[in-house]
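Written below as structure tokens is the structure these notes are about.
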Amino acid sequence: MNPVAQTGLVLSTGEGVLFWVLAPLAVIGALWLLFSRRTVHIAASIAGVMIALAIFYTALEAPFLGVAQVVVYTGAVMMLFLFVIMLVGVDSSESLVETLAGQRWIAVLGGIGLVVLVVGIVVGAKLPDGVGLAQANADTNPVGVARLIFGEFVFSFELTGALLITAALGALILTHRQRLSKRIGQRELADAKLAAFGQGGSSETITVTPSPGVYARHNSADSPALDAFGEPVQSSVPTVLRIRGQEAGVDQLDADRVATIAARGDMKEIDG
Amino acid sequence: MNRIAPMLAPAGPAVDFSQDTIWISVIKAVAIMVFLLISVLFALWFERRLIGRFQQRLGPNVRGPFGLVQSIPDALKLVLKEDITVKGADKLIYIMAPVISVFCAFMVFAVIPFGPEVRIPFTDLVTPLQLTDLPVAVLYILGITGLGVYGIVLGGWSSGSTYPLLGSVRSTAQVISYELGMGLALVSVFIVSGSMSTSQIVSSQQQLWWSIALLPAFVVYILSMLGETNRLPFDLPEAEGELVGGFQTEYSSMKFAWFYLAEYINMLNVSAIATTVFMGGWRAPWPLSAINDGMFNEGWWPLLWFLIKLWGFMFFFVWVRATLLRFRYDQFMHFGWKVLIPVALAWVVAVAVVQGVRQFSGIDLQTILFVLAGLLVLLALVMFFIPEKGAKDKAGGAGSRALTGAGTPTIEPKKDEYFDAFAGGFPVPPLPGQQLPPSKRRARVTTPAAPETDEENSDG
Amino acid sequence: MSLVNYLVLSGILFSIGAVTVLVRRNAIVAFMGVELMLNAANLTFVTFARMHGELQGQVIAFFVMVVAATEVVIGLAIIVSIFRTRGSASIDDVNLLKS
Amino acid sequence: MDTLNLSWLLIAIPLASAGVLLVLGRRVDRWGHWLGVLASAASAAGAIAMLVELLGRGAADRSVGVHLFRWIPAGDLNVDAGLLVDPLSLTFVLLITFVGTLIHIYAVAYMEHDTDRRRFFAYLNLFVAAMLVLVLADSYALLFLGWEGVGLASYLLIGFWNYRSDYAVAAKKAFVMNRVGDMGMLVAMMALFATFGSVNYETVFAAAEGTNQGVLTLVGLMLLVGACGKSAQFPLQAWLGDAMAGPTPVSALIHAATMVTAGVYLIVRSGPIFEGAPTAQLVVVIIGAITLLFGAIIGCAKDDLKKALAASTMSQIGYMILAAGLGPIGYAFAIFHLVTHGFFKAGMFLGAGSVMHGMGEEVDMRRFGGLRRYMKVTYATFAFGWLAILGVPPFSGFWSKDKIIEAAFVGEGWRPLVFGSVALLGAGITAFYMSRLFFMTFHGEKRWNDGHSSTPDTAIARTPVQHPHESPRLMTVPMIVLAVGSVALGGLLSIGGVFTSWLEPVTGVVGDHEPVLPVWLLMTLTLAVVVVGLVLAWRQYAASSVPVIALAGSVLTRAARKDLYQDEVNDGLLVQPGQYLTRSLVYGDRQVIDGAVGGLGRVMVRLGDVTRRLQTGYVRSYAATMTIGLVALVAVVLATRI
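Chains as they are written, first to last, in my numbering: chain P, 1 to 272; chain F, 1001 to 1460; chain U, 2001 to 2099; chain A, 3001 to 3642.
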């Protein structure tokens, strides 16, 4: 036996099992990209693929990279994707009908060609026997990687730092929208309301708009709230219902309510 | 002797798992599961009892001694309720979301050390009180918490309803933001411990707990821990006044129970991490550790210290919940991004510089380290009190308010005269200055009549 | 079982990513295809790192990850701003280059 | 420390100042002009320090080379940037920096109301720097750099008010005509390099003796072409009159005192070459003589104050060139006249500027008259300059011009008689036109609208009301200083031949030469023609009234007013044939060359139209093309390897 073979890497059965379980799952998850119509499903499945890859990394004696993969890709990148999906319309499920003539066939051809070429090359290549990372990882994997990053690659590392900051700033600028008018905050709103009140507006303007439904009696959204004097507050019913004309009229109220309103009316007359 | 851990400590785990067979691992895993489930049940009771005390009432006290088993019927009730699947929901993800949450919550305890190596009773096997450890264990925890967010996002989205979606977006933003602060707080621990492995971090705190040496990082961690678990004062994703129930609005019964479970396990998780990383893990507190040549740091004793510290943090959670009010969302984000993260960053840089100087020049900088820590705490406090923007605006606003507020009617309080809420035919709340008559229910709390079930649904 | 399996898996994932870019019209999905391609490349790096017993491959994968993160940040920002101005996230709608 | 080694500072200071003024822009508007003055004054101070240093040395050590750096190392051509400080160049340096500084100061007030004053000073400083490079250079290549630099500065300054299109055209005209001269310079430099393998003065002059006379003649003539362009000598004289479009300080500094004399400097500096080429020397003298008369005749007819002065400048430089062409006997006098001329002509230009300042930018002498009562200082200083240029003893001009006339009479055969007579005649005409200018401006009755006196002449009444007034102190002081120079400089430098002996290291020692006529006779003759010219002018322009609208005049007058048809001649002889040639070339270019190229292009466009269809605008199509291409490429590579 030559010395290289002695140090050669023998993969354990456990790793084999892991691979044959996860690899098909990863491929299926990736295929979701091609066939699913809902973007959120795709994002979730790709997040799954990322986790599978993280597990592969760990199996490949790169635990640091595996965890970093989870933190970076699953925790940040895919989460960013989900955010953007929710920003640009979550419900848009996409039609899978191809609009460009011949595009699909070219894509399939190219894809098959790629697979055949890459797999053919990998299988056909004379690759050395695996060496394994036992020696390189002697001081644990993070330390080994850190030595390289802060040693040999320190300049590239600094550059990627600069790149990240540039990208963050770039994203800020790209998505920045110039505010055309001054922002109206809570305080401004309150001041405006009070000013309106001071100039003879109704007391409703300074308080929070009441929710629909009668306090402690009735909580359906289509019946207006009553103010402190028992008057119905029309603005408490959601705008949508009002536009649709689904507001509850007096005839739809229960007898109890009608009686209450009647009593209130009487009281008002007495007061008056 | 320098009390900071030596720089050249091995970066890998400090304990030996080589004797663990697959069966021992399985037993440990099952033990952790059981521990977590029981802890959650206990935590429910613990929280309600404590809140009761804080609010000058009794809390559950009927079922079992001190009402201890109250949580079991409550949990059963929750599970047996009708399981509604919303019509507009995306079924697969709707079901998957709580599963993801719970799954990720359970994963964290795998790397938490409960104690040192012990001999399993009735055998010769020696094994650490810890399921497993990695060179990157704490990073793994961060990754898992990152995954846990998916449960919230996907749950909110898949409900197909507006409030849950808003709640989930808020929650995601919140968790991601505070995860940054948390990660940065942990980085300074990595730097001084020279390792990311939990057992190694515990063993590096032999001399001094990091909560003392790295006080600013500890404070940052405690704050981001509250944000990370969506607990008061940072429970914005489920702010009832604004978002109904947040991302879990459309969940009910078993699926809701899973979210609920995940939330409490997450509390336990962050408490356990805080214990491990900052409070010396299973190590006995100082006067005890000195007794009899460290007797209390060996055998099964450490399990006790660990649990005491863990529940100390749980107590802190409840205390905060009972004491503080909810933040407004912009204040919360402002606090996270403009106070916590800068402070944490500055602290990391300071620690790195100190550590670098220590390693490359051999100067003992212990005193300087303390001075730095004090300065940073001061800075964090100062930043908290700096008004958000131009005090001038505020003064102007106050002036205009005084102008318009001149006409506000003041109501003279009438002594010995109670307000009749039902005077107008329907109940209205009292105006300022009016007094309600003493509640008739006041007497009921001492009589063991009806079980208190009116509260737990709003607890979530 | 050998390390070649990982390489084959990586090739398959890469091809799927590439085809996604060609087939899908939704810019976000196409972008995810690109991410998948990058990850497949990373898998190759890590596999070769193990094969040769050197950590350089892992370091390169680490850098690829960082660059991919920046790329995602900028790319998604562009998608969002395009969506704002054109109301669409379809890459076929961005065809002003057509003469 | 040897101050001569710091001579590069003389150039660097104004250059840096120009850079500061141009780069910092409006920010330095407030104090920029003073920076310009300071830079120029610093150079002047440096020049004086160098003068002291040189005077402290023996006559033989007064030529110092200062090596700066290797400038153009290109194959066999190695040009070092080096400075040559010797009496000749230092004379120029002193003239440039001293007169330059005075004119800077003058311009501070003169340009006060111009919003671009800062830019003006930047250009002035740039000019000073370039001019110093020109005179301090130790090789033709570096001289050429300065030569082009002053051309650029001149262009920028003539067109300083380029919002007026005729001014911009004047600037362009000056620039283009200078380029014609530069062609001569370039050819001369190429010939020098081909012959001597160097363009360094030292090498060239050392090797000039004993070189083929034909080559030297060619070089000399080409240098003369360059000199003609820069110094406005016949036949490249047309630009100088138009160059008066620039602000008056520019006319005084560049187009009277310094830049236009660069041609004289070039010929004197290249003395060894011309001495080896008598034919070229003869041509120089002829050119000088022609220009002398040419300028003088134009000067008699011009009504524009500045253009008349410009014609006078042309004529006076004709004197210098004539002197320079006479060989070693003339060199010193050429330079001497150059220096005195620098003073009195600059003084007169400044006086003209002062008159324009007081008269609301009016330049027509027929609308002046009687100004001596209103501008006493200007009148006095101008009078000294006038007397100096006339050559009235003991003013400066007498000492220098008289010597040139004497030198022109030296020699054998027909030459002394012809050139001497021309010089003598020129002196008479000079006296006439300068007196005409002087009397029209300062004497006689008012021919301008003072607003209250009712003038019978309606042509005057229609012009804007004038309030002539003396200029501010900042303007009059430089004029006074220059007037003092005009009065005394010639006499002072002539005592005991100080100036000629100072220049001897460069111009060589000249033995005694007797003119063909006795010296006393020449001097008397000269004074006589001067007096005749003066009296004629007095009668016509001071004693009798001057019409406001010029009379038609004789044929010669009309021709002189049109600059003796110089533009028309240029146009007919060069421009029209040139344009015809160019047009035919363009036609050939279009049809033959563009036809071939364009045809190729059209084919490509058609091809492009076809392939354009591939550009769908869809990113996915491009990506698909790339993918297919990549797959095909890799497949081909693999297939060929297996």
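All C-beta atoms in this analysis are idealised placements derived from N, C-alpha and C, irrespective of residue type, glycine included. Owing to the predicted nature of the structure, the values given are computational and were not obtained by experimental measurement.
ask   = Would PHE81 (chain P) count as contacting chain U if we go by Cβ distances under 8 Å?
value = The residue given as residue 81 (chain P) occupies position 81 in the first sequence. Output row for PHE81 (chain P): interface = yes.
query = Measuring CA to CA, which of A:VAL3465, A:GLY3036, A:MET3320 is closest to GLN3233 (chain A)?
reply = Here residue 3233 (chain A) corresponds to residue number 233 of the fourth sequence, with the count starting at 1. Of the listed residues, the one whose Cα sits closest to GLN3233 (chain A) is A:MET3320.
query = Between the beta-carbon of VAL3532 (chain A) and the beta-carbon of GLY3428 (chain A), is there less than 8 Å?
reply = In the fourth sequence, the residue the question calls residue 3532 (chain A) occupies position 532. In the fourth sequence, the residue the question calls residue 3428 (chain A) occupies position 428. Closer than 8 Å, so yes.
message = Between ALA3620 (chain A) and chain U, is any beta-carbon pair separated by less than 8 Å?
response = Counting from 1 along the fourth sequence, the entry for residue 3620 (chain A) is found at position 620. The question names Ala, but residue 3620 (chain A) is Arg in the sequence shown. Taking Cβ atoms only, chain U reaches closer than 8 Å to ARG3620 (chain A), which makes this a yes.
query = Which residues mark the beginning and the end of the alpha helix (DSSP H) in which ILE3072 (chain A) is found?
reply = Here the question's residue 3072 (chain A) lines up with position 72 in the fourth sequence. Premise fails: ILE3072 (chain A) lies in the beta strand (DSSP E), 3064 to 3074, not in any alpha helix (DSSP H).
request  = Using DSSP bridges, identify the partner residues of TYR1418 (chain F).
outcome  = Walking along the second sequence from the start, residue 1418 (chain F) turns up at place 418. DSSP, once it has assigned bridges, lists F:GLN1435 as partnering TYR1418 (chain F).
request  = Assess, as a yes-or-no matter, whether the stretch 3071 to 3087 of chain A is touched by the stretch 3133 to 3140 of chain A under the definition of 3 or more beta carbon pairs within less than 8 Å.
outcome  = yes
request  = Evaluate the contact criterion for the stretch 3345 to 3356 of chain A versus the stretch 3381 to 3400 of chain A: three or more CB pairs, one atom per stretch, below 8 Å.
outcome  = yes
task = Go ahead and pull the three-state DSSP assignment for GLU3202 (chain A).
result = If you number the fourth sequence from 1, residue 3202 (chain A) lands on position 202. Helix at GLU3202 (chain A).
Bridge-paired residues (DSSP) for ALA3153 (chain A) = For the purposes of this step, residue 3153 (chain A) is identified with residue 153 of the fourth sequence, where counting begins at 1. Bridge partners of ALA3153 (chain A): none, in fact.
request  = Evaluate contact between the stretch 1288 to 1295 of chain F and the stretch 1245 to 1254 of chain F, counting only Cβ atoms and requiring at least three cross-stretch pairs below 8 Å.
outcome  = no
ask   = Rounded C-beta distance between ALA3262 (chain A) and SER3312 (chain A)? I'm assuming under 8 Å.
value = Here residue 3262 (chain A) refers to the residue found at position 262 when the fourth sequence is read from its first residue. Here residue 3312 (chain A) refers to the residue found at position 312 when the fourth sequence is read from its first residue. Incorrect: roughly 18 Å between the Cβ atoms, too far for contact.
ask   = Which residue comes first and which comes last in the alpha helix (DSSP H) that contains ASP3567 (chain A)?
value = What you label residue 3567 (chain A) is simply residue 567 of the fourth sequence in a count that begins at 1. Where ASP3567 (chain A) is concerned, the enclosing alpha helix (DSSP H) stretches over 3566 to 3570.
task = Give the residues of chain U in contact with GLY3608 (chain A), contact being defined as C-beta atoms less than 8 Å apart.
result = Working through the fourth sequence from its first residue, we reach residue 3608 (chain A) at position 608. Those do not exist, as GLY3608 (chain A) stays about 10 Å from chain U at its closest Cβ, beyond 8 Å.
query = Within 10 angstroms of its Cβ, does LEU1022 (chain F) collect 16 or more other Cβ (buried), or is it exposed?
reply = Counting from one through the second sequence, the residue named residue 1022 (chain F) turns up at place 22. Checking the sequence, you will find Ile at residue 1022 (chain F) rather than Leu. The residue in question, ILE1022 (chain F), is exposed, as its Cβ has fewer than 16 Cβ neighbours within 10 Å.
key: MET2051 (chain U): contacting residues in chain P (beta-carbon distance under 9 Å)   = Indexing the third sequence from 1 puts residue 2051 (chain U) at position 51. By Cβ distance, chain P contributes LEU9, LEU127, PRO128, ASP129, GLY130, VAL131, GLY132.
ask   = What residues of chain D sit near GLY3025 (chain A), judged by a beta carbon separation below 7 Å?
value = The displayed structure is made up of protein chains P, F, U and A, and chain D is not among them.
ask   = Under the three-state reduction of DSSP, which class applies to GLY1115 (chain F): helix, strand or coil?
value = Against the second sequence, residue 1115 (chain F) aligns to sequence position 115. Correct three-state label for GLY1115 (chain F): strand.
request  = List the residues of chain U whose Cβ lies closer than 8 Å to the Cβ of THR175 (chain P), in chain order.
outcome  = Here residue 175 (chain P) refers to the residue found at position 175 when the first sequence is read from its first residue. Residues of chain U passing the Cβ test: ALA2077, VAL2080, SER2081.
ask   = Which value, in whole angstroms, describes the spacing of the CA atoms of GLU3445 (chain A) and GLU3148 (chain A)?
value = Within the fourth sequence, numbered from 1, the residue matching residue 3445 (chain A) stands at position 445. Within the fourth sequence, numbered from 1, the residue matching residue 3148 (chain A) stands at position 148. C-alpha separation (whole angstroms): 46 Å.
inquiry  = For chain A, check one thing: does any of its Cβ atoms lie closer than 8 Å to the Cβ of VAL30 (chain P)?
reply    = Translated into the one-based positions of the first sequence, residue 30 (chain P) becomes position 30. Contrary to the premise, residue 30 (chain P) reads as Ala rather than Val in this sequence. So, not an interface residue.
query = Who are the neighbours of ALA104 (chain P) on chain U, taking C-beta pairs under 7 Å?
reply = To locate residue 104 (chain P), count along the first sequence from 1; it is residue 104. Here the sequence assigns Arg to residue 104 (chain P), which means Ala is not the residue at that position. Near ARG104 (chain P) (Cβ distances below 7 Å), the residues of chain U are VAL2023.
query = Between the stretch 1191 to 1212 of chain F and chain P, which residues of the former have a C-beta closer than 7 Å to a C-beta of the latter?
reply = MET1196
request  = Within 10 angstroms of the Cβ of VAL1202 (chain F), are there 16 or more other Cβ atoms? Answer buried if so, exposed if not.
outcome  = The residue labelled residue 1202 (chain F) in the question sits at position 202 within the second sequence. By the 10 Å Cβ count, VAL1202 (chain F) comes out buried.
task = Give a yes or no on whether the C-beta atoms belonging to ILE3329 (chain A) and HIS3513 (chain A) are separated by under 8 Å.
result = Here the question's residue 3329 (chain A) lines up with position 329 in the fourth sequence. Here the question's residue 3513 (chain A) lines up with position 513 in the fourth sequence. Closer than 8 Å, so yes.
task = From the DSSP output, in three-state form, read off VAL3079 (chain A) for me.
result = The sequence position of residue 3079 (chain A) within the fourth sequence is 79, counting from 1. It is a strand residue.
inquiry  = If we define contact as Cβ-Cβ less than 8 Å, is ALA3623 (chain A) a contact residue for chain U?
reply    = The residue labelled residue 3623 (chain A) in the question sits at position 623 within the fourth sequence. So, interface residue.
message = For the alpha helix (DSSP H) containing PRO3278 (chain A), name the first residue and the last one.
response = As a first step, residue 3278 (chain A) must be located in the fourth sequence, where it is residue number 278. From DSSP, the alpha helix (DSSP H) with PRO3278 (chain A) extends over 3278 to 3301.
inquiry  = Check for me: the beta strand (DSSP E) holding PRO1128 (chain F) runs from which residue to which?
reply    = Residue 1128 (chain F) sits at position 128 when you count from the first residue of the second sequence. Taken as a continuous stretch (DSSP letters only), the beta strand (DSSP E) holding PRO1128 (chain F) covers 1126 to 1129.
task = Give the DSSP bridge partners of ALA138 (chain P), in chain order.
result = Here residue 138 (chain P) refers to the residue found at position 138 of the first sequence. Partner(s): none; ALA138 (chain P) has no beta bridge.
query = Closer than 8 Å, CB to CB, is VAL70 (chain P) near chain F or not?
reply = Along the first sequence, one-based indexing puts residue 70 (chain P) at 70. Yes, because at least one Cβ of chain F sits closer than 8 Å to the Cβ of VAL70 (chain P).
key: Beta carbon proximity, ASN2095 (chain U) to chain A, threshold 8 Å   = Residue 2095 (chain U) sits at position 95 when you count from the first residue of the third sequence. True, the Cβ-Cβ gap to chain A drops below 8 Å.
request  = Consider the Cβ of PRO212 (chain P): report whether some Cβ of chain F lies at a distance smaller than 8 Å.
outcome  = Counted from its first residue, the first sequence places residue 212 (chain P) at position 212. Not an interface residue.
query = Just curious, the alpha helix (DSSP H) that MET3359 (chain A) is in, first and last residue?
reply = The residue labelled residue 3359 (chain A) in the question sits at position 359 within the fourth sequence. Premise fails: MET3359 (chain A) is in no alpha helix (DSSP H) and is neither H nor E.
task = Below 8 Å on the Cβ atoms is my guess for ALA3191 (chain A) versus VAL3225 (chain A); work out the distance and round it to an integer in Å.
result = Residue mapping note: residue 3191 (chain A) aligns to position 191 of the fourth sequence, counting from 1. Residue mapping note: residue 3225 (chain A) aligns to position 225 of the fourth sequence, counting from 1. Wrong, their Cβ atoms sit about 12 Å apart, outside the cutoff.
Alpha carbon of GLY1397 (chain F) to alpha carbon of ARG187 (chain P), nearest angstrom = If you number the second sequence from 1, residue 1397 (chain F) lands on position 397. If you number the first sequence from 1, residue 187 (chain P) lands on position 187. Confidence at GLY1397 (chain F) is low in this model, with a pLDDT of 45, below 50, so the placement of that residue is unreliable and no value is reported for it.
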